[in-house]
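This report refers to the structure that appears directly beneath it.
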Amino acid sequence: AQSVTQLGSHVSVSEGALVLLRCNYSSSVPPYLFWYVQYPNQGLQLLLKYTSAATLVKGINGFEAEFKKSETSFHLTKPSAHMSDAAEYFCAVSVETGNQFYFGTGTSLTVIP
Amino acid sequence: GAGVSQSPSNKVTEKGKDVELRCDPISGHTALYWYRQSLGQGLEFLIYFQGNSAPDKSGLPSDRFSAERTGGSVSTLTIQRTQQEDSAVYLCASSLMGLGHSNQPQHFGDGTRLSIL
Numbered sequence: 024a025q026s027v028t029q030l031g032s033h034v035s036v037s038e039g040a041l042v043l044l045r046c047n048y049s050s051s052v053p054p055y056l057f058w059y060v061q062y063p064n065q066g067l068q069l070l071l072k073y074t075s076a077a078t079l080v081k082g083i084n085g086f087e088a089e090f091k092k093s094e095t096s097f098h099l100t101k102p103s104a105h106m107s108d109a110a111e112y113f114c115a116v117s118v119e120t121g122n123q124f125y126f127g128t129g130t131s132l133t134v135i136p
Numbered sequence: 003g004a005g006v007s008q009s010p011s012n013k014v015t016e017k018g019k020d021v022e023l024r025c026d027p028i029s030g031h032t033a034l035y036w037y038r039q040s041l042g043q044g045l046e047f048l049i050y051f052q053g054n055s056a057p058d059k060s061g062l063p064s065d066r067f068s069a070e071r072t073g074g075s076v077s078t079l080t081i082q083r084t085q086q087e088d089s090a091v092y093l094c095a096s097s098l099m100g101l102g103h104s105n106q107p108q109h110f111g112d113g114t115r116l117s118i119l
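Chain order of the listed sequences is W and V. The numbers in the working numbering rise by one with no breaks, and the one at position 17 of the first sequence is 40. The numbers in the working numbering rise by one with no breaks, and the one at position 71 of the second sequence is 73.
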């Protein structure tokens, strides 16, 4: 079975500061990993995905994530936070032989001006 | 449009009434998922449809919940005899999912905000 743990349900950063949102996964087979963003009153939008190619994945809006197998992690980062980055972020995992995505409980990002 | 469409966007109903929520997935997507998102919570998986296979209903919280997908496209989630705890955002997603396509992401609609009075 697969699972995802997002450490920190709420993260606050100052505008211009580094954003780091943590995601650890559990999977007995090679995983596919995803980060989604959810703005208020909207559905989830895909930020980026890891599908066994390059371990450093670049996504939209300046976000990137690095797959670290030894640490079973897929943390999301952005060098400089913008006010528009304030949203809920979800990490998700799936596997080649599976039919489901497993989502973390989400991290709410607040950007302080 | 080309995205996942859900209707209605908002629904307010009285306790005990039945409600139907509709999802129109992206054309060509064989997989369709329903999730429930309660205030401040993550996504709770409800049900999954893949092509013509029997749906995975393992996430439905009670027998008051049911869903169908007609013609492999539009899906309807039905909640019978609604209770106040059913109040939540119901999200639908579709993807090119299944064996050999598990690396395809899900595409979400904007959800239906259900409020039970």
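Cβ atoms here follow ideal geometry from the backbone N, Cα and C, with glycine treated the same way.
Quick test of your reading: residue i and residue j, contact by CB under 8 Å. State the CB separation rounded to the nearest angstrom.
| i | j | result |
| --- | --- | --- |
| residue 113(W) | residue 44(V) | 7 Å |
| residue 45(W) | residue 65(W) | Not really, about 23 Å apart at Cβ, beyond 8 Å. |
Return the chain-ordered list of same chain residues with a C-beta closer than 6 Å to the C-beta of residue i, the five sequence neighbours on each side being excluded.
| i | result |
| --- | --- |
| residue 103(W) | 39 |
| residue 82(W) | 70, 71 |
| residue 35(V) | 50, 95 |
Which residues in chain V have a C-beta closer than 8 Å to the C-beta of residue i? List them in chain order.
| i | result |
| --- | --- |
| residue 128(W) | 43, 44 |
Using a Cβ-Cβ cutoff of less than 7 Å, which residues in the same chain neighbour residue i once the five nearest sequence positions on both sides are dropped?
| i | result |
| --- | --- |
| residue 86(V) | 17, 118 |
| residue 128(W) | 29, 32 |
| residue 68(W) | 59, 60 |
| residue 10(V) | 114 |
Using a C-beta to C-beta distance shorter than 7 Å, which residues of chain W count as neighbours of residue i?
| i | result |
| --- | --- |
| residue 107(V) | 57, 69, 72 |
| residue 34(V) | Residues of chain W passing the Cβ test: none, with the nearest at roughly 12 Å. |
Any idea if residue i is buried or exposed, counting beta-carbon neighbours within 10 angstroms, 16 or more meaning buried?
| i | result |
| --- | --- |
| residue 53(W) | exposed |
| residue 130(W) | buried |
| residue 6(V) | buried |
| residue 77(V) | buried |
Listing by chain order, which chain W residues have their CB less than 8 Å from the CB of residue i?
| i | result |
| --- | --- |
| residue 51(V) | Chain W residues near residue 51(V): none, gap ~10 Å exceeds 8 Å. |
| residue 93(V) | 66, 67 |
Enumerate in chain order the residues of its own chain whose CB-to-CB distance from residue i is below 8 Å, with the five nearest sequence positions on each side excluded.
| i | result |
| --- | --- |
| residue 106(W) | 38, 134, 136 |
| residue 39(V) | 45, 46, 90, 91, 92, 93, 113 |
| residue 28(V) | 4, 5, 6, 96, 109 |
| residue 87(W) | 71, 79, 80, 81, 99, 100, 101 |
Show which residues of chain W have a CB atom less than 9 Å away from the CB atom of residue i.
| i | result |
| --- | --- |
| residue 112(V) | 64, 65, 66 |
Output the boundary residues of the beta strand (DSSP E) element that contains residue i.
| i | result |
| --- | --- |
| residue 12(V) | 12-15 |
| residue 118(V) | 114-118 |
| residue 68(V) | 67-71 |
| residue 28(W) | 26-28 |
| residue 28(V) | Taken as a continuous stretch (DSSP letters only), residue 28(V) belongs to no beta strand (DSSP E), as it is neither H nor E. |
| residue 114(W) | 110-118 |
| residue 6(V) | From DSSP, residue 6(V) is part of no beta strand (DSSP E); its letter is neither H nor E. |
| residue 61(W) | 54-61 |
Could you name the residues of chain V that residue i contacts, counting a contact when the two beta carbons are closer than 9 Å?
| i | result |
| --- | --- |
| residue 113(W) | 44, 45 |
Under 7 Å Cβ-Cβ, which residues of chain V neighbour residue i?
| i | result |
| --- | --- |
| residue 124(W) | 108 |
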